[in-house]
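If you want my numbering, it's the 1-based position in the sequence shown plus 1.
Inspection log for the structure reproduced underneath, given as structure tokens.
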Amino acid sequence: MGSAVNVALLGRTHWLLDAGRRLLEAGARVPLVVTFAAEDYYRAGAADFEAFARDAGAAFMLSPDLDDPSIQEALARAGCPVAASVNVPRVLHKPVLNCFELGVLNAHAGNLPRYRGNAAPNWAILMGEARVGLSVHLMEAGQLDSGAVVNKTFFELDDSADITAVYAWLDQEIPVQLADAAIA
């Protein structure tokens, strides 16, 4: 694709916001930012995404009804062949995915397909895994954490590793892996 590609941001959390910053630093354009209400404990909320959109000259949508055809038309009009996603609070359906010619790349803090859903790193540790995965995958319509994995990297667990160390690693890796996949 190259760095001059248009990439939409779709989702929540500081991981997605940091991926957006990395995209801009790499020369990509982010003409569309779509976010949803944040949980109280998130380190980035709607106001942060709105400020990012304003600074990037991007259109901004807060908690749109993605099943609304007018919203889907707006997504398609943004001219983004690909979207970068983290923590969208619902599964996406085909009409939304079709707005992005190359698809929607999602960063999942887990080794797909083994660990899907929430708290995947916690489950990997509880199950005695030797490592915790980070998967970037193309989202599949109507499915949770499903679709072709385009990149996967791992944090090796040892006796001193705990969930805090895993999340510190994810803080660094998710923005890098997601942004790099979007402009590859």
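Just so you know, even glycine gets a beta-carbon here, dropped at the ideal spot from N, CA and C.
request  = Have a look at Ala-56 and Gly-21 and give me their C-alpha separation to the nearest angstrom.
outcome  = The question names Ala, but residue 56 is Asp in the sequence shown. Distance between the alpha carbons of Asp-56 and Gly-21 is about 11 Å.
task = Measure the beta-carbon distance from Ala-183 to Val-8 and round it to whole angstroms, keeping in mind my assumption that it falls under 8 Å.
result = 5 Å
task = Please classify Thr-36: is it buried, with 16 or more other beta-carbons within 10 angstroms of its beta-carbon, or exposed?
result = buried
ask   = Nearest to Leu-99 by CA position, among Met-128, Glu-141, Arg-117 and Gly-111, is which residue?
value = The residue you asked about is not Leu; residue 99 is Asn in the sequence shown. Minimum Cα distance to Asn-99 is reached at Glu-141.
ask   = Going by DSSP, which residues form a beta bridge with Glu-1?
value = Residue 1 lies beyond the residue range present for the chain, which begins at 2 and ends at 185; the question has no answer from this structure.
task = Sort Gly-129, Leu-25, Met-62 and His-138 by Cα distance to Ala-75 and report the nearest one.
result = Met-62
ask   = On the three-state DSSP scale, how would you describe Leu-17?
value = helix
Cβ separation of Met-113 and Val-151, assumed to be a contact under 8 Å, to the nearest whole Å = Note on residue identity: the sequence assigns Leu, not Met, to residue 113. Wrong, their Cβ atoms sit about 11 Å apart, outside the cutoff.
query = Rounded to whole angstroms, how far is the Cβ of Asn-88 from the Cβ of Thr-14, which I believe are closer than 8 Å?
reply = 5 Å
query = What do you get for Ala-38, buried or exposed, if any count of 16 or more other CB atoms within 10 angstroms of its CB means buried?
reply = exposed
ask   = Cα-Cα, which of Arg-91, Gly-80 and Asp-49 is closest to Leu-67?
value = Arg-91
Every unbroken alpha helix (DSSP H) within the region 33-92, with a cutoff of 4 residues, ordered by chain = 47-57 and 70-78
inquiry  = I'd like the span of the beta strand (DSSP E) that includes Asn-107, first residue to last.
reply    = 104-109
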